[in-house]
Each structure stands twice: as C-alpha cells, then as structure tokens.
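So for the sequence shown, the UniProt record's numbering puts the first residue at 1; every next one is plus one. Positions of the beta carbon are idealized from the N, C-alpha and C atoms, including for glycine. Presented below is the structure to which this report refers.
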Amino acid sequence: MSSTLTPEREAHLDESLDGAERDRLITDSLQTSQRRAEGVKLRRGLTFLLMTLVLPGSAQVAAGNRRVGRFALRIWAAIWVLALLTALFLLAWHTAAITVLTGSATLRVVQVALVVLGIGWALLFLDAWRLSNPPDLARRHRLGFALLSLGLAFAVAAGLVASANVVSAQRELVSTVFAGGGDEAAKDGRINVLLMGGDAGADRTGLRPDSMTVASIDQVTGRTVLVSLPRNMERAPFPASSPMHAKFPDGFRCADHSCMLNAVYTYASEHKNLYPGVKNPGAQATKEAIEGVTGLTINYWALIDLKGFEDLVDAVGGITMDVYRKVPIGGGHAKLYGYVEAGKDRHLDGREALWFARSRSDSSDYDRMVRQKCVMNAMLNQLDPMTVLTKFNGIASASKEIVATDIPSSQISTMLDLAQKAKSKPVGSIAVVPPLMKDSSNPNLPKIRAAIGDQIAKSEAMDQPKPSASAAPAGGASTSAPKKSSTSASSSDPGKKGADTSNLSKVCSA
C-alpha cells in the first residue's frame, strides 16, 4: 500500500488541524474572560468590605439598602463630630471634661453605645459580604472571602466590646473606690493626702496601716513633699474636734505602750460608735492623729492593702528602680525565700516590689520607711497615662480589691493633673526618725512640726524666682543659701540609707 497522501487527503488533514487550533483558542479565550470576570467580582466584594471598614454604610448606599446605609453614615459622622467636640472640651475645660467623662451616667451611656456600635458595624460587614453575591464568586475565592468578612466583623465587634469592658471597669472603679467624703479645699495652697499601707495578716487583729505617708502637694505647681511617719510613735494628739480627743486628751497612749500610731486605725474600727455615720472610722481617726502630729490639715486619705499591692504592680507591668541594697524576701520569724538583689535600674515584679517596700528582716522601721518612699517615687514617675490606659482593666481589677479612699470622683481630674505636674519635678521628702524623733514613746511634737514646715517651705522656694545679684541687701550682705535647720537629720542614721531623705532621687539611687 502506498503511504503517499493525496492532495485531497492533505487538504482534509489541514482543515482538521485548523479546527482543533480554533477550538483551543476559543477555550483559552473563554477561560481568560471567566478569570477576568471572577477577578472583577472578587475586587467588587473586597471594595465593599473596605468601604464598610472606612465608611460604615457606604457599601449599602452603593449597592444595597440605601436607607440603612444613609443611617449608618449619619451615625458615623455624628461619632466623629462628638469625638472632635470632646477633644475641644478637654482642651478648653480640662477639669470639667474629666469630671463629666468619669461620671457614672456618662460611662454607662458610653458602655452601651460601644456594644451597640460593635454589633451594628459587624452586621454591616456581613451585609457587605451578602452584597458581594458569594455564590457568583469563583469556588476558590468563596472560603477566603467569607473568612475575611467574618474576621473583620469579629474584629470590630470584639474591639468595641473590649472597649466597653474597659469603660465598665472604669465605672465600677469610680463608684467602688472613689466614694467621696474628703475635703477638696486646699490648705495654705496645698492638697495633703494621707497614704496608708495596710496589712490585715492572719496573725493580727484587724487591719493596721504599717505604712503612713503624707503627700503634701502644691496646688499650683504639683511639687510634692512626702512626710513619712513611724508606726511605733506614741502619744499622737487628736484635734479638739475629734471624738478620740475625749477618750485620749493627752494623746494616744497606754501604760503597756501598745497605743502606737498604727493602732489608732484598729481602735477606732473597734469603737465605731465614736464615729456615727462615718464609713471608715479607722481611716478617719488615723487622719486626725496624723494632723495632730504633723500640724497639716489632711484633705484626703487613701488606703492600700499591702497583700494586694503586688497585683497592682503586676497590673502595670512591674516597676523599674534602683535597689540600693539587697533586701530579704521573708526572713525574721518566717522562712527566708531569697533576696531582692541590689542593682541599678532593676525591673521588679509585684512580689519583689512588695518585699522591697515591706521587708522587716535585717532592717529597721526607719530604713523600711525610706524603701517605701522609693517605691512610691518609682511608681509616680512611671505610671504615665498611656500605661494606665492600655492596662486599665488589670489596674482597675486590682484597685477595687485593695484601694479605699475618700477622694470623690469629682476630684479625679484634679488629682491626675497634680500627679502629672509632680512627675516633672523632684519629690521632696522628710522622715520622722531619729534624731528628729529621739524617743518614739515621747516625741517632741513642736520640733517635728517645725521640721515638716521647713521642708515644705524649701520645696515651695524652689518654684520662686531667684533673686538677682543686684537685689542683694545694702551693705554687701550675702544672699547665700539658708543654713540647714537644726532639726535636719544627721547622716548617722538608724536606717541603712540615712535619715535625711530630702532628695529622694539621691537617697533611692543604687
């Protein structure tokens, strides 16, 4: 048989090959058009999601229920207008704005609004997914697009609900802790706050504020002086207006020497009939006793339970400070678990900070008072508004368990302003320890009050204009710095760091 193709056969074969090529080209063209159409549909769907993210409701105006879309856009615009007005309110009337924004009713409205907005925004994302007509998407795009839509819906809902939880924590903190009852009027231009560290251990009767420090704050500059008092001081006098004055007209004293300053709280708590209608008789009586000792009028008191203090420090992520000496964790009558090691710029967690502040082993009460003020100083310098905001839930949760105060919610903004001002200035300090107080059972109260007054005067003088050389007194008298008060503590100290704590930055350095 001949293998040679006839002209008719070749023409037929060429015609067959051209037909197959045409079919392939047609198929490729159809597939390209289909992929292009699928890409357009996917981009359309992604555009709807982006529109919903940036301008909630705009996707509905473009391709869905326009009434719903316009309503959502109006709500979104109103939120931005309200945010702008709030920012202007804060700038123009800062104190009033904080007072309004921390009010219980305001916080409740904000909390509910955030939850409703979160749910509504999530529904708009799901509707944007529906408007994209998922069945028309390519099979390979459907799952990813659905997951993206659900993820965005969940993210905005969860974010706003989490914000609502922060607002709820703020509202509960304000209503639980800032119950009010203090005196907001400044005394000689200063706000005096009694800070007490309480310890209600299993081996003690009632709560005793073993740490007592008065923060005396300049109302204008925020410059602060910390006045620390020893727990073992006796004969603390009470003002004539105090119910305790009738019981102890010669000061808080007992024959067995058990009537120390830290026992005032327990005594008044056990004799509540002396303070009818007072929520915390122990704190009120302690405030009155410390007024008698220092000569300062106390505006507010705040009590922190030291057992929960470590939770508060952990809630803010720990504190960084110089540890000027190694301090035992435990020890004394308890098991020694280790040490808070000395070092510069050490980052302490809650447990280490607590033991550095309160450890009594291998230490005197006076050294302990210094360490407590060093911890206070570190926290004052590091608790910036951003830290408080980002970790507010943990702070609020810890605070509700361990903090009590008579500062009213209306004064939160004032105290925040003063704290912010205080951060920019060195904190002054005076400790009522030997030689300022030679005998804790019979303290020289006039000498103590004079020393406290001198330290506050020195602090206030730091913000006064410096006299020029031309302002020197006639006769060439010198304008040299004033001599140290005779009540200043000497460098020989019963504590490890010395009694002169007028410069906390120096005292607390490693």
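Cβ of residue i within 8 Å of Cβ of residue j?
i	j	result
residue 182	residue 408	yes
residue 312	residue 283	no
residue 322	residue 350	no
residue 209	residue 265	yes
residue 170	residue 190	no
residue 212	residue 234	no
residue 240	residue 293	no
residue 127	residue 60	yes
residue 113	residue 153	no
residue 268	residue 406	no
residue 187	residue 86	no
residue 52	residue 117	no
residue 290	residue 193	no
residue 331	residue 362	yes
residue 288	residue 228	no
residue 357	residue 346	no
residue 411	residue 184	yes
residue 149	residue 111	no
residue 107	residue 63	no
residue 431	residue 369	yes
residue 429	residue 373	yes
residue 274	residue 244	yes
residue 449	residue 295	yes
residue 262	residue 231	yes
Along the chain, where does the alpha helix (DSSP H) that runs through residue i open and close?
i	result
residue 313	309 to 315
residue 355	350 to 358
residue 290	281 to 294
residue 303	Here residue 303 belongs to no alpha helix (DSSP H); instead the beta strand (DSSP E) covers 300 to 305.
residue 62	58 to 63
residue 446	445 to 461
For residue i, which residues in the same chain have their Cβ closer than 6 Å to its Cβ, ignoring the five residues on either side in sequence?
i	result
residue 437	443
residue 138	38
residue 359	327, 328
residue 141	42
residue 198	207, 209, 303, 305
residue 73	57
residue 48	59, 128, 131, 132
residue 342	323, 325, 326
What are the boundary residues of the beta strand (DSSP E) that includes residue i?
i	result
residue 421	Counting along the chain, residue 421 falls outside any beta strand (DSSP E), though it belongs to the alpha helix (DSSP H) covering 412 to 423.
residue 93	From DSSP, residue 93 is part of no beta strand (DSSP E); its letter is neither H nor E.
residue 55	Where residue 55 is concerned, there is no enclosing beta strand (DSSP E), given that its DSSP letter is neither H nor E.
residue 327	327 to 330
residue 336	336 to 340
residue 188	Here residue 188 belongs to no beta strand (DSSP E), and DSSP marks it neither H nor E.
residue 321	319 to 323
residue 427	Segment: none, residue 427 is in no beta strand (DSSP E) and carries neither H nor E.
residue 433	No beta strand (DSSP E) contains residue 433, which DSSP labels as neither H nor E.
residue 405	403 to 405
Below 7 Å CB to CB, which residues in the same chain sit around residue i once its five sequence neighbours on both sides are set aside?
i	result
residue 89	97
residue 175	104
residue 474	The pLDDT assigned to residue 474 is 47, lower than 50, so where the model puts this residue is not dependable, and the model offers no usable value.
residue 201	Reliability of the predicted coordinates at residue 201 is poor, the pLDDT of 48 falling under 50, and no value is obtained from them.
So, at 8 Å on beta carbons, what are the nonlocal neighbours of residue i in its own chain, with the 5 sequence-adjacent residues on each side left out?
i	result
residue 76	55, 56, 57
residue 310	349, 350, 351, 353, 354
residue 382	316, 319, 320
residue 337	329, 330
residue 464	none
residue 115	160, 161, 164
residue 375	319, 321, 353, 356, 357
State yes or no: is the beta carbon of residue i nearer than 8 Å to at least one beta carbon in chain B?
i	result
residue 263	You won't find chain B in this structure, because it holds only one protein chain.
key: Any 3 or more C-beta pairs closer than 8 Å across the region 210 to 223 and the region 415 to 432   = A contact is defined here as three or more CB-CB pairs under 8 Å, and the region 210 to 223 meets this definition with respect to the region 415 to 432.
ask   = Below 8 Å, can you find three or more Cβ-Cβ pairs linking the region 89 to 102 to the region 145 to 165?
value = Cβ pair count under 8 Å is below three, so no.
At least three beta-carbon pairs within less than 8 Å, the region 450 to 461 to the region 248 to 256 = Touching, no, given that fewer than three Cβ pairs across the two stretches are closer than 8 Å.
query = Which ranges does the alpha helix (DSSP H) cover as unbroken runs of at least 4 residues, wholly within the region 96 to 181, from first to last along the chain?
reply = Those alpha helix (DSSP H) runs which fall completely within the region 96 to 181 and span 4+ residues are 104 to 131, 139 to 177.
Any 3 or more C-beta pairs closer than 8 Å across the region 33 to 52 and the region 138 to 154 = By the Cβ rule, the region 33 to 52 counts as touching the region 138 to 154, because three or more pairs are nearer than 8 Å.
message = Report the start-end ranges of each alpha helix (DSSP H) in the region 217 to 289 that is 4 residues or longer and not cut off at the edges.
response = If we require 4 residues or more, the alpha helix (DSSP H) runs fully inside the region 217 to 289 come out as 243 to 247, 263 to 270.
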